[in-house]
Amino acid sequence: MRVALALIALAVASPVTAQTWLGPGVSPGEVQRYRIEQQRLRSAEQAAFARQQTLNSRLTRLEVEAARQPEPYIPHVQPLPRTSGAPSVAGATQRREAVSSGVGQIDDWLDRQPR
2 MRVALALIAL AVASPVTAQT WLGPGVSPGE VQRYRIEQQR LRSAEQAAFA RQQTLNSRLT
62 RLEVEAARQP EPYIPHVQPL PRTSGAPSVA GATQRREAVS SGVGQIDDWL DRQPR
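Whatever position you read off the sequence shown (first residue = 1), add 1 for our numbering.
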């Protein structure tokens with residue numbers, strides 16, 4: 002019987018409308034302090050829950066990123082086509098002569114007599 006009355010009282014009274022009863026002789030200031038402490042505890046609980054959710058979301062994101070397949074390597078520059086066999090000596094000589102003639106012009110200009 003007592004349990005049934007307690008269940009009915011809990012069902013009827015909502016937390017917003019329920020009055021806090023701390024006992025006889027309790028001043029309104031003590032009731033206010035009690036309510037502020039309850040509010041502070043609820044706020045701390047919500048902050049801890051928010052931190053837990055942040056950590057869970059970060060962990061889930063890291064797990065998803067770790068499960069991804071790595072992207073295939075694609076070079077930025079296409080490799081030069083290779084010819085079969087060793088590079089030709091005549092082609093290397095022509096390239097070296099072309100480079101040295103261009104550099105020779107710069108060297109001549111740098112070695113000129115001052116005016």
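All C-beta atoms, glycine included, are put in the ideal place defined by N, C-alpha and C.
field: Where the alpha helix (DSSP H) containing S101 begins and where it ends
entry: Indexing the sequence shown from 1 puts residue 101 at position 100. Run containing S101: 90-111, per the alpha helix (DSSP H) assignment.
- request: In the DSSP assignment, find the alpha helix (DSSP H) that holds G30 and state where it starts and stops.
  value: Stepping through the sequence shown from its first residue, residue 30 is reached at position 29. It spans 29-68 - the alpha helix (DSSP H) in which G30 sits, taken as one unbroken run.
- request: To the nearest angstrom, report how far apart P73 and R62 are at their CA atoms.
  value: If you number the sequence shown from 1, residue 73 lands on position 72. If you number the sequence shown from 1, residue 62 lands on position 61. A straight-line Cα-Cα distance of about 22 angstroms links P73 and R62.
query: Nearest-angstrom Cα distance between R41 and Q47?
result: Residue mapping note: residue 41 aligns to position 40 of the sequence shown, counting from 1. Residue mapping note: residue 47 aligns to position 46 of the sequence shown, counting from 1. Straight-line measurement puts the Cα of Q47 at about 10 angstroms from the Cα of R41.
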